[in-house]
Amino acid sequence: MSNIITMPQLGETVTEGTILRWLVKVGDEVKEDDPILEISTDKVDTEVPSPFNGTVTSLLVEEGETVEVGASLLELDGSAKESNNDKSETVEEVQETVEEIVKEDTPKADVLPKTDNVRNTKNLKLSPVVRRLASENNIDLNNVVGTGQNGRIKREDIENYISLGNQDSATSTKSEDSIKKETTKSADTNKSISRLRKRIAENMVLSKQTSAHVMTSVEVDYENIETIRSKQKAKFKDENGFSLTYLPFISLATISALREFPTVNSSFDLEKGIHDVHSHVNLGIAVDLNQEGLLVGTIAEADSFNLKGLARKISEISKLLRDGKYGLEDVTGSTFTISNNGSFNSFITSPIINQPNVAILSTESVKKRPVVIQSQDGTDSIAIRHTGVLSLTWDHRVFDGSIALLFLNHIKDKLENPDWSQGLD
Amino acid sequence: MKIEKITRKGYSSTLSKEQLWDVYKSMKTQRLLEDRLLKMYKGGQLSGAVYPGIGQEASMAGIAAGMADTDIFGGTHRDLGVQIKKGVTLKEIALNFFGKHDGPSKGRDGNSHFGVVDKGTLMVVSPLPDSAPVAVGWALASQQSGSGVVAVANCGEGATATGTWHESINMAGVLNLPVVFTVQNNQFAYSSPNETEFGTPNVADRAAGYGIPAKIIDGNDIYEVIDVMHEACENARNGNGPSLIELVTFRHHGHAGHDPAEYVNDEVREFWMKRDPIARFEDSLVEEGLFTTEQFVSLNEELDAEIKETLDWAKNQKDPEPQNEVPDMFAERTKPAIQNDGSSKETMNFIEAITNGLDELMEDDENVFMMGEDIGVFEGAFKATKGLFNKYGPFRVIDTSISEGGFTGAAVGAALAGKKPIVELQFYDFVYPALDQITTEAAKYHWKAGKAVPMVVRGPTGAGTRSGPFHSISPESLLAHHPGIKVVAPSNPYDAKGLLVAAVNDPNPVMYLEHKKLYRKPDIKMEVPLGLYEVEIGKGKIVKEGSDLTIVTWSGMVSVATEAAKQLESDGINVEIVDIRTIVPLDEEIILTSVEKTSNLCILQEDVPFSSVASEISSVVAEKGFWNLDNPIVKVTPPNTHIPFAPVLEDAFIPSVEKVVKAVKELQ
Ligand SMILES: Cc1ncc(C[n+]2csc(CCOP(=O)(O)OP(=O)(O)O)c2C)c(N)n1
Ligand SMILES: [Mg+2]
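Going line by line, the protein sequences match chains G and Z. Straight run, no breaks: the first sequence in numbering that gives the first Met the number 0 ends on number 424. Straight run, no breaks: the second sequence in numbering that gives the first Met the number 0 ends on number 667.
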């Protein structure tokens with residue numbers, strides 16, 4: 000067995016030493032306590048006695064070399080390399096155990112799941128507890144109103160929010176409210192995107208990517224409707240509590256057209272190869288949320304209502320959506336959608352189809368306009384009439400222009416030649 | 000070379016042939032062992048250090064041979080020879096040198112820095128001569144119980160220049176304790192000769208200053224050492240008090256393995272080599288016809304082989320395990336907690352509760368005793384020991400000299416000897432001179448020597464009494480920083496008594512802090528159970544429940560927190576107050592649980608802020624309660640300054656109710 004003689008630590012503060020002179024050479028027999036070399040440290044110059052008996056098999060450092068305490072200097076009875084390796088291995092082993100122990104002893108930090116909603120979307124300070132509660136309860140912090148300094152969300156804010164039963168993975172009624180407050184508050188240029196806006200944006204892009212949008216429009220003479228409306232207006236409002244607008248008329252005419260052209264009342268899944276023609280009309284009405292966003296309310300089985308019933312339904316759904324008191328069924332399942340752009344004084348609009356519908360009708364503003372009228376005797380005259388455009392965006396993947404126009408003209412005919420008073424009784 | 004002859008005269012002449020052989024063998028063992036260790040060290044086979052006592056074998060073996068088996072020895076790095084003669088084995092020594100698991104210090108200290116208390120040698124530590132007060136304390140315990148044990152406090156001549164040594168020998172003189180002070184004057188303290196260490200011609204000349212007898216003897220004459228040592232021990236044993244023996248001797252080697260001792264000139268060396276203690280002993284043994292040179296030679300061979308074998312064996316023994324380090328810091332309490340049905344109570348203020356606790360503890364267990372300045376007839380600077388001197392007398396309510404290091408160290412020794420000492424510091428500001436004993440001895444005994452040290456150091460803390468920078472400190476952070484000691488700081492009479500009882504029954508050193516402003520504070524008077532009861536050390540208490548913010552505090556600041564909470568309540572902020580009561584070990588759970596509830600944390604302390612208990616609590620909550628925080632943690636503390644005297648300055652220094660209210664309101 001070989002023995003390695005190492006650089007002794009000659010003093011508490013000594014870290015290295017210089018080999019002054021070897022007193023033995025390879026092949027020499029040395030006895031225990033025989034001086035074998037002279038070394039010099041910053042403390043002392045001294046002879047190193049051999050701790051063992053044996054034959055010198057190798058000198059591992061040169062005279063004049065400075066080595067660290069513990070470095071191998073000389074080998075007795077063996078191969079230097081082997082023993083060297085032995086030694087370094089043990090050192091590593093020891094280090095490993097120490098590391099392991101240190102690891103075990105270190106308390107594991109609570110690692111929070113990273114979720115998108117825990118992002119600091121308001122540019123506000125979010126404390127650790129708020130971040131944790133948001134993450135654990137799946138809360139979108141954009142929906143939580145902060146009552147702390149500078150609108151900071153405090154623990155109690157998020158707890159109140161949670162105690163109201165909020166969980167933002169499902170549709171939230173609170174969210175739009177909060178968004179309202181939020182927008183009025185921050186006039187910042189770099190306002191962050193609300194969840195609703197995000198949803199709208201995604202839906203719009205998705206629709207544009209899905210359908211082959213074509214817009215077609217017709218001009219409608221509403222004079223007859225206007226006559227009825229002006230006659231009934233006051234009475235209707237008194238009886239029903241809401242105004243009689245053009246929309247119920249247009250809706251009823253549209254339902255009639257959808258019955259006539261069921262292809263327009265369908266869903267179309269190219270990937271699955273399914274064209275689903277719906278037996279009922281679930282009429283979608285786009286409702287503007289006071290410029291804070293847009294939702295489509297659904298009137299299920301709209302084809303079962305008369306004019307008055309439909310008018311009430313449209314009024315109800317709009318209110319429901321604006322008040323944020325709707326349920327899931329109120330905003331899903333439409334088979335065709337009407338977007339009432341006329342109420343904002345549009346001339347012509349090319350709306351984006353509300354997926355998975357295959358067409359969307361845009362009602363445009365109704366105005367008094369000069370119109371050339373041909374009388375029964377064939378003479379032309381100019382008259383002032385209430386007119387407006389109806390635009391239809393339709394999916395060219397599903398049908399062609401002919402159906403679109405036949406459909407539009409069916410509506411136009413219904414609106415221009417009515418016997419409308421029945422439905423209002 | 001002509002050898003100076005020695006002859007047996009006193010006690011040594013009564014020793015049998017076998018006893019003399021034992022002494023000789025022990026001297027020879029020391030020499031051969033240290034010679035081997037020195038060579039191994041120089042050959043790079045031994046890490047750490049070697050402090051050879053070669054040349055001083057007669058002093059060492061003689062000191063031990065003059066002592067009774069039951070006597071206790073407190074020594075230094077140089078005293079392997081004494082340990083060997085006291086019965087410490089080669090195996091124990093070898094294991095310690097290699098830092099092994101089964102060695103006397105379990106690898107926690109190396110070389111000759113260990114003791115085997117069960118064999119009568121106190122733990123050896125580096126700071127010199129820190130085992131001296133411990134030996135004095137053991138002697139004190141011996142005096143109290145009449146056990147007849149004598150303690151020997153030994154060190155080199157250099158170490159006698161320390162305050163520790165003066166305090167020890169002075170106390171022993173004043174209290175007439177059974178201690179023998181031995182000083183091995185080996186001519187050098189590291190490289191320094193006698194002239195640079197003391198101004199009297201001899202170390203022994205100083206004995207007059209302590210009113211005790213002294214002798215200067217030839218430390219290389221084994222017979223003289225045994226004779227004088229034996230006489231001194233028996234005198235002490237018989238109630239004649241302490242004495243000092245200066246053993247004049249010489250170390251052949253340097254201070255330690257690395258030191259070639261070039262500062263020793265040739266004449267000095269030659270003078271002493273002629274007086275080699277082993278050669279002189281051998282010469283006399285042969286001359287007396289007791290042993291032959293052949294016997295010496297064959298013992299030499301035997302011992303040499305045994306030493307090598309033992310060292311080889313030790314090298315391969317089990318290494319210590321890092322995971323034991325933390326658990327071994329404290330001795331485990333086995334005594335069950337004291338029960339009290341609380342049926343009889345009395346209204347007490349804070350200091351009355353402490354006095355009542357001290358009284359009942361002393362009545363309950365005769366091992367409980369007190370030490371401190373002016374605590375006897377005068378009943379203490381604050382009257383905490385009122386009535387106790389009259390009841391228990393001067394041996395259990397001991398007035399000490401102004402020697403904080405001395406009597407705190409003595410408490411360690413008394414505790415090791417089976418007593419339960421309670422030390423009173425007149426003001427906790429004077430813990431500084433006692434810190435060496437608290438941290439070097441008290442805190443490390445269990446960890447390094449496996450012996451429990453049940454002792455309490457109590458005294459007044461805190462500012463607010465216009466007492467200036469030296470009578471006002473809050474020492475909790477200073478103390479808490481040192482591993483191995485417990486620190487408690489009650490805030491009301493009930494906790495004060497309960498924690499005092501728990502502290503005295505704890506097997507570890509406990510620092511018991513009494514805020515002096517609480518002593519007679521009328522509004523914290525409360526009913527305190529009569530009879531012993533305990534408040535568990537390491538358990539905090541919610542003193543007021545709340546939901547919005549947690550104030551963690553203790554001691555004198557609890558009432559500040561309570562007042563601040565009242566004011567904050569009117570602002571709609573509902574505060575929870577946690578009185579941690581114990582600083583070490585810290586009740587992390589109660590803090591973290593409260594913060595989990597409130598999410599806001601204010602730490603209120605009277606101690607200065609840097610590197611303090613407040614910093615530690617803050618760090619604990621940041622590390623373990625981070626996800627519950629709703630605001631940054633706030634600390635309300637004094638500025639990082641000393642405590643000033645002028646009322647305006649002192650008032651500005653101490654955290655006030657207003658500061659707490661303001662800090663809390665600033666949270667978002
Ligand atoms: C309080 C303290 N200061 C310094 C040292 C460093 N030191 C260790 S041994 C020593 C010399 C001690 O001399 P002496 O008391 O004569 O004992 P000797 O070593 O000669 O036996 C010194 C200065 C120490 N251990 N403790
Ligand atoms: Mg000395």
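Glycine residues also receive a C-beta, built at the ideal position from the N, C-alpha and C atoms. Quick caveat, the model's predicted, so the values are computed rather than measured.
Under the rule that a run must span 3 or more residues, the beta strand (DSSP E) segments found entirely inside the stretch 283–368 of chain Z read 344–347.
At a cut-off of 9 Å between C-beta atoms, residue 667/Z counts as an interface residue with respect to chain G. The C-alpha of residue 295/G lies about 32 Å from the C-alpha of residue 132/G. For residue 136/G, the uninterrupted alpha helix (DSSP H) segment begins and ends at 127–136.
Residue-level contact check: residue 662/Z does not touch chain G, since none of the beta carbons of chain G fall below 9 Å from its beta carbon. In the three-state DSSP reduction, residue 41/Z falls in the helix class (H, G or I).
Taking 9 Å as the CB threshold, residue 149/G lines the interface with chain Z. Residue state for residue 96/Z is assigned as helix, using DSSP reduced to three classes. Between residue 219/Z and residue 247/Z, the C-beta gap is smaller than 9 Å, which places the two residues in contact. Boundaries cannot be given for residue 122/Z, as no alpha helix (DSSP H) includes it and DSSP labels it neither H nor E. The beta-carbon of residue 626/Z is placed less than 9 Å from the nearest beta-carbon of chain G.
The beta carbon of residue 332/G sits closer than 8 Å to those of 281, 297 and 299, all from its chain and outside the five residues before and after it, given in chain order. With 5 Å as the limit, the residues whose C-beta approaches any heavy atom of ligand 1 more closely are 77/Z, 125/Z, 126/Z, 127/Z, 155/Z, 156/Z, 157/Z, 158/Z, 185/Z, 188/Z and 189/Z, in sequence along the chain. Bounds of any alpha helix (DSSP H) do not take in residue 626/Z, whose DSSP letter is neither H nor E. For the pair residue 219/G and residue 386/G, the CB atoms are nearer than the 9 Å cut-off. Among the residues facing chain G, residue 112/Z is not included, as its CB has no counterpart in that chain under 9 Å away. From the beta-carbon of residue 131/G, the residues of chain Z found nearer than 7 Å are 626.
If you check the C-beta of residue 338/Z against ligand 2, you find no heavy atom less than 8 Å away. Boundaries around residue 221/Z are those of the alpha helix (DSSP H), 221–236, since no beta strand (DSSP E) includes it. What residue 40/Z touches in chain G, judged by beta-carbon distance under 7 Å, is 7, going in chain order. DSSP places residue 511/Z within a strand segment (E or B) once states are collapsed to three. Straight-line measurement puts the Cα of residue 633/Z at about 39 Å from the Cα of residue 411/Z. The beta carbon of residue 51/Z sits closer than 6 Å to the beta carbons of 33, 37 and 252 from its chain, once the five residues preceding and following it are set aside; these are given in chain order.
Shown here, residue 646/Z sits in a helix according to DSSP, grouped into three states. Contact annotation: in the stretch 251–280 of chain Z, residues whose CB is within less than 9 Å of a CB in chain G are 253, 255, 256, 257, 258, 259 and 261. Counting C-beta atoms within 10 angstroms of its own C-beta, residue 474/Z has 16 or more neighbours from the protein chains shown and is therefore classed as buried. With respect to chain G, the C-beta atom of residue 573/Z has no partner C-beta closer than 9 Å. Relative to ligand 2, the beta carbon of residue 425/Z is positioned no closer than 8 Å to any heavy atom.
Contact check for residue 403/G against residue 353/G fails: the beta carbons are separated by 9 Å or more. Chain G has a Cβ within less than 9 Å of the Cβ of residue 630/Z.
Under the three-state reduction of DSSP, residue 46/G is assigned to strand. Contact of residue 44/Z with chain G by beta-carbon distance below 7 Å involves 50. Rounded to the nearest angstrom, the gap between the Cα atoms of residue 476/Z and residue 437/Z is 14 Å. Chain-ordered, the chain G residues with CB closer than 8 Å to the CB of residue 598/Z read 126, 128 and 154.
Interface residue (Cβ-Cβ distance to chain G less than 9 Å): residue 47/Z is classified as such. For residue 45/G, the residues of chain Z that pass the 9 Å Cβ criterion are 41, 257 and 259, in the order they occur in the chain.
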